[in-house]
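Enquirer:
Residue numbers (our numbering), protein chains in the order written: chain A, 1133 to 1449; chain B, 10 to 525.
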């Protein structure tokens, strides 16, 4: 079992290396000069050129690309993601400072996904081809299809502007106080609505498959109550693919947070990356993408390990 | 009188006194707190030296003070009580206000100003406003409240560089612990800060100018324009700096106080002289652009058409220079006369080669994109074919700066000083996007005139040289001038005392008060 886990961890390393290389290259090859951001637009004299050269040298942007790349790899290996070009702050510190906000949002969205998506899927499967099934699946389809920046604004207009129930933006520190929860609901639901849809559809089809199995027929033949058949026998087995998708969804939620955090002024990694992207702040974007990639790989390793316990048929070899 | 009644009487008096004090404070508009927000790529910082945009400068102006500011079309002293300029124009002597306390109780001195200069221009770690102070060669301290800036070379517009030179107490930035902030001399001092979330400022009771009215100001960075507007409408915000102009009329209709200010940004169509060398083509395009339509559609009517590079009424305005106005017939006539004939598709061509111009734009700025689309249509109306490419702001700026364009809608910052021509037409200027080679006669002429204008402190003589530049700019149709674009701040109607100068940077937050 330990060998299996180690193998999973080792497989993650080339994935992270690939991400580092891709992100580094794509950002450096893209047009746009980050140093321009630091030059005041109305600066008077050739001092602007002088200042630009100084700044380029300071951030190592005057060195050949491959030297910059190997230097960056060395830094990453020591968990140093460099300093933000704009603010001068260490990127690793800024990412760690923002990670709790993103984690809070992502976990809440995932929680909503499980809380609403799984029961909706079970209900749809049990009541197959009824109004409940059609309604659940229509909602799931909408959740998957609608862009979250649009849903976010609509929710904000309805619940904040029209009803005045929830604050439109911002985050209140301190986990799980009523005020922090009020601030979390709109961005959390906006980010999680696609997950709700995906989990509902997946759970429905998995439960439908399981319900056709012999052991379910046996359970029913033994005279077990339908609820016990569904929740103890069918759902437990149907959840195996759902757990796999949860791991993948975690990555999708981290990526989706980039947009949702911007709309709701949520101070997480996604918004920090948007600052980096709009400002050609290479270290911020590189650090942010890498951080998300590492989190994604880590969560998927975790899912693989959980899988071992859920499905003993998986071989350790 | 029984002692019980005496006690009641005293209590009644005390309560009455408290009531009267409260009423009088309320009548003065004292007390209360507000929340303001701004967009932008980087949230504001509690360190005024970290100021990177006009929005940040407004926040810095609450925490700190500059030496001087722009007010009523002239410079007015803030921390500088007065100043002298030497006859050669290379030495500026400043006399500081007396007994100005910083937030940590230390009193302002000339030594502090020198240390601020050294911190900002530290070559190892230049801060964002270092470029503004690049002309200074040295700082000489004369006495506790007097110092001199010695310049490297003559810069008659040097004072304009000092408007955002925020002074803070040097000792306060040296050993900053958690929860501690740089001490400025402003009306409000930082008390809480969470990056990307909020910056909370509290009234500085000992502010040297006068006691501020408000108790507390919270600044929130909100990047998304729609979210800003919803926050404003739901009462989450009292003031929105640099609000989206398209919302101006609607918000005014809802009872908000919309405060426009002009001449921070000016726009024009810039031409790439490497690909647009034909004068007649540039002139025709200058006549083909309907500036008022662009203003009304893309900028919600907020702006004024621009005819010359000089701000109307300013010392360098040359009223003899003509302007290009919307006249498609004239544009067609110029193109016809120059031999650009329309083909069957209605596109003009020369020697069988149809004209097709590259018109890049910003995809992340709705007004910018819409203006470009309108220009494309206006060009098509006179038979000029063009294609638009979109990019994010920084990519677009680089594209234009390195000459990957034929023509482009372009906005520049235009503080009241220095002259626009100095900032955009010199070959040495970082923001000269004409792509004219340094040895091109036109560029040489601009450089020569600018050098002459910058080599004297006599504003009449300078006006003459810049006037000549305006004339050449018009004759050669160097750019198709567009609009002085108005921007807006939007405030809750209860917020009073908001005076917004043309730059948009609000210096006097100590005068803001809430109607109670």
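C-beta atoms are modelled at their ideal positions from N, C-alpha and C, and glycine is treated no differently.
1. Would the beta-carbon of residue 1340/A fall within 8 Å of that of residue 1257/A?
2. Can the beta-carbon of residue 270/B be found closer than 8 Å to that of residue 496/B?
3. Does the distance from the C-beta atom of residue 149/B to that of residue 156/B stay below 8 Å?
4. So, residue 8/B versus residue 317/B, is the Cβ gap smaller than 8 Å?
5. With DSSP as the reference, label residue 1362/A as helix, strand or coil.
6. Closer than 8 Å, CB to CB, is residue 206/B near chain A or not?
7. For residue 1300/A and chain B, any beta-carbon pair shorter than 8 Å?
8. What would DSSP say about residue 111/B, mapped onto helix, strand or coil?
9. Report the residue from 1300/A, 1367/A, 1437/A and 1224/A whose alpha carbon sits nearest the alpha carbon of residue 1456/A.
10. Just to confirm the assignment, what range does the alpha helix (DSSP H) spanning residue 193/B have?
11. Please confirm if residue 235/B has its CB atom under 8 Å from at least one CB of chain A.
12. Less than 8 Å between the C-beta atoms of residue 74/B and residue 285/B, yes or no?
13. Taking 8 Å as the CB-CB limit, is residue 317/B close to chain A?
14. Assuming the contact rule is C-beta atoms closer than 8 Å, residue 1244/A and residue 1324/A should be a hit. Round their C-beta distance to whole Å, please.
15. What residues in the segment 1311-1323 of chain A have a beta carbon less than 7 Å from any beta carbon of chain B?
16. Starting from the beta carbon of residue 1285/A, find every residue of chain B whose beta carbon is closer than 7 Å, and list them in chain order.
17. Short of 7 Å Cβ to Cβ, which residues in the segment 1255-1285 of chain A face chain B?
18. Looking at residue 1231/A and residue 1438/A, is the spacing between their C-beta atoms short of 8 Å?
19. With a floor of 3 residues, list each beta strand (DSSP E) that falls wholly inside the segment 251-288 of chain B, ordered by position along the chain.
20. Using the beta-carbon of each residue, which ones in chain A are nearer than 9 Å to residue 93/B?
21. Tell me the DSSP secondary structure of residue 1403/A in three-state form.
22. Applying the 10 Å Cβ sphere with the 16-neighbour rule, what's the burial state of residue 522/B?
23. By the three-class DSSP mapping on this structure, what secondary structure does residue 1436/A have?
24. Three Cβ pairs or more, each shorter than 8 Å: is that satisfied between the segment 1359-1377 of chain A and the segment 194-205 of chain B?
25. Applying the 10 Å Cβ sphere with the 16-neighbour rule, what's the burial state of residue 484/B?
26. For residue 341/B, which three-state DSSP category applies?
27. What is the C-beta distance between residue 248/B and residue 72/B, in whole angstroms, given that I count them as a contact (C-beta under 8 Å)?
28. Entirely within the segment 62-123 of chain B and at least 4 residues each: give me those alpha helix (DSSP H) ranges in chain order.
29. Taking Cβ to Cβ, would you say residue 278/B is nearer than 8 Å to residue 418/B?
30. Kindly list the residues whose CB is nearer than 8 Å to the CB of residue 390/B, restricted to its own chain and excluding five residues on each side of it in sequence; keep chain order.
31. Chain A partners of residue 243/B, CB-CB under 7 Å?
32. Could one say the Cβ of residue 231/B lies closer than 8 Å to chain A's Cβ atoms, at least one of them?
33. Quick one: is residue 1361/A buried, meaning 16 or more other Cβ sit within 10 Å of its Cβ, or exposed?
34. At the level of alpha carbons, what is the spacing between residue 347/B and residue 289/B?
35. Just reading off the alpha helix (DSSP H) that residue 328/B is part of, what are its end residues?
36. Mind pulling the chain B residues with CB within less than 8 Å of residue 1289/A?
Expert: According to the structure data:
1. Along the first chain, one-based indexing puts residue 1340/A at 208. Along the first chain, one-based indexing puts residue 1257/A at 125. Yes.
2. For the purposes of this step, residue 270/B is taken as residue 261 along the second chain, with counting starting at 1. For the purposes of this step, residue 496/B is taken as residue 487 along the second chain, with counting starting at 1. With respect to residue 496/B, residue 270/B sits close: the two C-beta atoms are nearer than 8 Å.
3. As a working note, residue 149/B is residue 140 in the second chain. As a working note, residue 156/B is residue 147 in the second chain. Yes, the Cβ-Cβ distance between residue 149/B and residue 156/B is below 8 Å.
4. Limits of chain B in this structure are 10 at one end and 525 at the other, which puts residue 8/B out of reach.
5. Translated into the one-based positions of the first chain, residue 1362/A becomes position 230. Three-state result, residue 1362/A: helix.
6. Working through the second chain from its first residue, we reach residue 206/B at position 197. Under the 8 Å criterion on CB atoms, residue 206/B is classed as interfacial with respect to chain A.
7. Position 168 of the first chain, counted from the first residue, corresponds to residue 1300/A. True, the Cβ-Cβ gap to chain B drops below 8 Å.
8. The residue you call residue 111/B lines up with position 102 of the second chain. Three-state result, residue 111/B: coil.
9. Because chain A here runs from 1133 to 1449, residue 1456/A falls outside it and cannot be looked at.
10. By 1-based counting over the second chain, the position of residue 193/B is 184. Per DSSP, residue 193/B is not a residue of any alpha helix (DSSP H), being assigned neither H nor E.
11. The residue labelled residue 235/B in the question sits at position 226 within the second chain. Interface residue, yes.
12. Your numbering for residue 74/B matches position 65 in the second chain. Your numbering for residue 285/B matches position 276 in the second chain. No, they are not a contact pair.
13. As a working mapping, residue 317/B is identified with position 308 in the second chain. At a cut-off of 8 Å, the C-beta of residue 317/B has no neighbouring C-beta in chain A.
14. As a first step, residue 1244/A must be located in the first chain, where it is residue number 112. As a first step, residue 1324/A must be located in the first chain, where it is residue number 192. The pair is a contact, with the Cβ atoms about 4 Å apart (cut-off 8 Å).
15. Of all residues in the segment 1311-1323 of chain A, none has a Cβ within less than 7 Å of some Cβ in chain B.
16. Residue numbering aside, residue 1285/A sits at position 153 when the first chain is read from its first letter. Result: 235.
17. Residues passing the 7 Å Cβ filter: 1285.
18. As a working mapping, residue 1438/A is identified with position 306 in the first chain. As a working mapping, residue 1231/A is identified with position 99 in the first chain. No.
19. Runs of the beta strand (DSSP E) inside the segment 251-288 of chain B: 266-280.
20. By 1-based counting over the second chain, the position of residue 93/B is 84. Result: empty, since nearest Cβ-Cβ is about 21 Å, beyond 9 Å.
21. Position 271 of the first chain holds residue 1403/A. Taken through DSSP and simplified to helix, strand or coil, residue 1403/A comes out as helix.
22. Position 513 of the second chain, counting from 1, holds the residue named residue 522/B. Of the residues assessed, residue 522/B falls on the buried side of the cut-off, its CB having 16 or more other CB atoms within 10 angstroms.
23. Along the first chain, read from residue 1 onward, the residue named residue 1436/A stands at position 304. Of the three classes helix, strand and coil, the one that applies to residue 1436/A here is helix, per DSSP.
24. Contact fails: fewer than three Cβ-Cβ distances are below 8 Å.
25. In the second chain, the residue the question calls residue 484/B occupies position 475. So residue 484/B counts as exposed.
26. Within the second chain, residue 341/B is the residue found at index 332, counting from 1. Reduced to three states, the DSSP call for residue 341/B is helix.
27. Sequence index remark: in the second chain, residue 248/B carries index 239 (1-based). Sequence index remark: in the second chain, residue 72/B carries index 63 (1-based). The Cβ separation is near 16 Å, so there is no contact.
28. Secondary structure remark: continuous alpha helix (DSSP H) runs of at least 4 residues inside the segment 62-123 of chain B, in chain order: 63-72.
29. Stepping through the second chain from its first residue, residue 278/B is reached at position 269. Stepping through the second chain from its first residue, residue 418/B is reached at position 409. Cβ atoms of residue 278/B and residue 418/B: closer than 8 Å.
30. Against the second chain, residue 390/B aligns to sequence position 381. The answer, listed in chain order, is 297 and 337.
31. Position 234 of the second chain, counted from the start, is the residue given in the question as residue 243/B. Result: 1292, 1293, 1296 and 1300.
32. Here residue 231/B is taken as the residue at index 222 of the second chain, counted from 1. Yes, residue 231/B lies at the interface with chain A (some Cβ there is under 8 Å from its Cβ).
33. Position 229 of the first chain, counted from the first residue, corresponds to residue 1361/A. Under this definition residue 1361/A is a buried residue.
34. Reading the second chain from its first residue, position 338 is the one you call residue 347/B. Reading the second chain from its first residue, position 280 is the one you call residue 289/B. Rounded to whole angstroms, residue 347/B to residue 289/B spans 7 Å at the Cα level.
35. Numbered from its first residue, the second chain carries residue 328/B at position 319. For residue 328/B, there is no enclosing alpha helix (DSSP H), as DSSP marks it with neither H nor E.
36. Here the question's residue 1289/A lines up with position 157 in the first chain. Simply 239.
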